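J.: Shown below is the structure under consideration.
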Amino acid sequence: MRPNTPEQKSGMLGIGLDNKDGHKRITKGENFLLVGGSEETHERMTETAIKINEKLSSRGKSLDDVSPEEFRDIVDECRS
241 MRPNTPEQKS GMLGIGLDNK DGHKRITKGE NFLLVGGSEE THERMTETAI KINEKLSSRG
301 KSLDDVSPEE FRDIVDECRS
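For the sequence shown, our numbering assigns the number 320 to the last residue and increments by one with no breaks.
Following this line, the structure appears as structure tokens:
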């Protein structure tokens, strides 16, 4: 690693494309950033990101600790 190079950190980015009411929705949380979407879409993205963080916490892991496969499993659990 080069000196003064910031450490890479994993994060989730959610982008909603169905906004027709003109509102600018932005929600930032622990390891996630959500932008756009209708009120319903943005709320669903927010709930899912929070549930993912809760699942990670209950497993004693951070987003940086899980493999893509484990992340996919967690997302599937949160959408059920």
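Idealized CB from N, CA, C, for every residue including glycine.
These numbers were taken from a predicted model, which means no experiment stands behind them.
Excluding sequence positions up to five away, which residues of its chain have a Cβ less than 6 Å from the Cβ of T267?
T.: For the purposes of this step, residue 267 is taken as the residue at position 27 of the sequence shown. For T267, where only same-chain residues beyond five positions count, the Cβ hits under 6 Å are L274, T286.
J.: Is it right to say G251 is buried, meaning 16 or more other beta carbons lie within 10 angstroms of its own, or is it exposed?
T.: Walking along the sequence shown from the start, residue 251 turns up at place 11. Exposed, by the Cβ-count rule.
J.: Just to check my reading of the structure: T281 and D258 have Cβ atoms closer than 8 Å, yes? What is that Cβ distance to the nearest angstrom?
T.: Start at 1 with the first residue of the sequence shown, and residue 281 comes out as number 41. Start at 1 with the first residue of the sequence shown, and residue 258 comes out as number 18. The beta-carbon separation of T281 and D258, rounded to 5 Å, stays under the 8 Å limit for a contact.
J.: Terminal residues of the continuous beta strand (DSSP E) containing V275?
T.: Numbered from its first residue, the sequence shown carries residue 275 at position 35. Bounds of the beta strand (DSSP E) holding V275 are 272-276.
J.: In whole angstroms, what separates the C-alpha of S318 from that of K249?
T.: Taking the first residue of the sequence shown as position 1, residue 318 is located at position 78. Taking the first residue of the sequence shown as position 1, residue 249 is located at position 9. Before going on, a small fix: residue 318 reads as Cys here, not Ser. When rounded, the distance between both Cα atoms is 22 Å.
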